[in-house]
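Asks:
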Ligand SMILES: NC(=O)c1ccc[n+]([C@@H]2O[C@H](COP(=O)([O-])OP(=O)(O)OC[C@H]3O[C@@H](n4cnc5c(N)ncnc54)[C@H](OP(=O)(O)O)[C@@H]3O)[C@@H](O)[C@H]2O)c1
């Protein structure tokens with residue numbers, strides 16, 4: 023499958039590497055087609071990897087991953103071009119973390135809105151599915167790093183897109199427990215897990231942990 027990764031940071035690189043290893047054709051997008059991090063990643067990843075602008079990557083992908091900072095995601099997706107997002111499943115892994123005042127970060131969007139909803143409103147024809155934002159990127163593609171039962175969440179308005187993403191999470195990445203939270207407004211809750219997530223990371227001095235929801 024052709025996959026577009028929007029973002030050249032550690033998340034885009036980790037997801038891109040895993041997807042290329044699985045045999046998919048992955049194009050990583052950036053503000054500049056000659057982005058050095060993307061070029062280095064493509065060289066190291068091999069023939070399934072290529073690079074381009076945000077628009078090139080979005081055009082290439084049948085499925086897209088938004089791996090840009092939550093505060094700049096709308097800007098990146100505008101550069102990707104609405105016509106390249108229309109009708110596609112857009113997996114949004116971003117968080118609304120604002121580090122401008124140092125640690126701990128605050129959330130730039132919260133309570134009655136979320137980055138997932140902002141993206142869905144801005145691009146109504148894209149099928150936005152919020153997921154993976156509550157775990158570290160190594161865990162995204164290798165959940166067995168953390169032993170035992172632990173959970174991932176999906177939020178989105180389109181049932182078919184959520185089912186497709188759940189299959190990707192389970193069959194490609196190895197997730198066992200995926201909780202369908204409901205429509206995209208439920209991304210408010212999962213994005214608002216981040217304040218506790220960053221404090222746990224600081225406490226454990228490691229990002230390799232996850233949430234498990236226990237119920238009667
Ligand atoms: N680190 C993790 O393990 C983890 C886990 C869960 C969720 N997340 C979330 O995943 C997302 C990606 O994280 P990351 O650390 O890999 O990357 P990042 O540093 O947050 O974002 C990198 C991308 O943002 C783009 N960007 C920066 N400023 C921009 C602007 N003004 N307009 C458009 N694009 C801009 C960069 O474009 P260029 O390529 O042009 O420089 C780059 O592609 C974040 O939202 C993060 O909160 C991270």
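Numbering (the working numbering), first residue to last: 23 to 238.
Here a beta-carbon is modelled for each residue, glycine too, at the ideal position from N, C-alpha and C.
Bear in mind the structure is a predicted one, so any value in this text is a computation, not a measurement.
1) So what does residue 86 bridge to, in DSSP terms?
2) Let me know the alpha helix (DSSP H) ranges lying completely inside the stretch 129-186, each 4 residues or longer, listed in chain order.
3) Mark residue 230 as exposed unless 16 or more other C-beta atoms lie within 10 angstroms of its C-beta, in which case mark it buried.
4) Within this structure, are the beta carbons of residue 134 and residue 127 separated by less than 8 Å?
5) For the stretch 188-203 against the stretch 213-228, do three or more pairs of beta-carbon atoms, one drawn from each stretch, fall closer than 8 Å, so that the two count as touching?
6) For residue 49, which residues does DSSP report across the bridge?
7) Would you give the residue range spanned by the alpha helix (DSSP H) that residue 211 belongs to?
8) What three-state label does DSSP hand residue 37 in the structure shown?
9) Going by beta-carbon coordinates alone, are residue 74 and residue 55 separated by less than 8 Å?
10) Under DSSP, the beta strand (DSSP E) around residue 201 begins and ends at which residues?
11) Once you ignore the five residues that flank residue 173 on each side, which residues in its own chain have a CB closer than 8 Å to its CB?
12) Under 6 Å from any heavy atom of ligand 1, by CB: list those residues in chain order, please.
13) What would DSSP say about residue 216, mapped onto helix, strand or coil?
14) Between the beta-carbon of residue 44 and the beta-carbon of residue 89, is there less than 8 Å?
Replies: So, from the listed chains and residues:
1) Per DSSP, 26, 112.
2) As far as the stretch 129-186 is concerned, its whole alpha helix (DSSP H) runs of at least 4 residues are 137-144, 159-163.
3) Residue 230 is exposed by the Cβ-count criterion.
4) For the 8 Å CB-CB criterion, residue 134 and residue 127 do not form a contact.
5) Counting Cβ pairs under 8 Å, fewer than three are found: no touch.
6) Bridge partners of residue 49: 26, 72.
7) For residue 211, the enclosing alpha helix (DSSP H) starts and ends at 209-213.
8) Helix.
9) Cβ atoms of residue 74 and residue 55: closer than 8 Å.
10) 199-204 is the span of the beta strand (DSSP E), which, as asked, contains residue 201.
11) The residues are 199, 200, 201, 232, 233, 234, 235.
12) Result (chain order): 29, 30, 31, 32, 33, 34, 52, 53, 54, 57, 89, 90, 91, 92, 94, 97, 98, 115, 116, 117, 119, 155, 158, 159.
13) In this structure, residue 216 counts as helix in the three-state DSSP scheme.
14) Contact flag unset, no.
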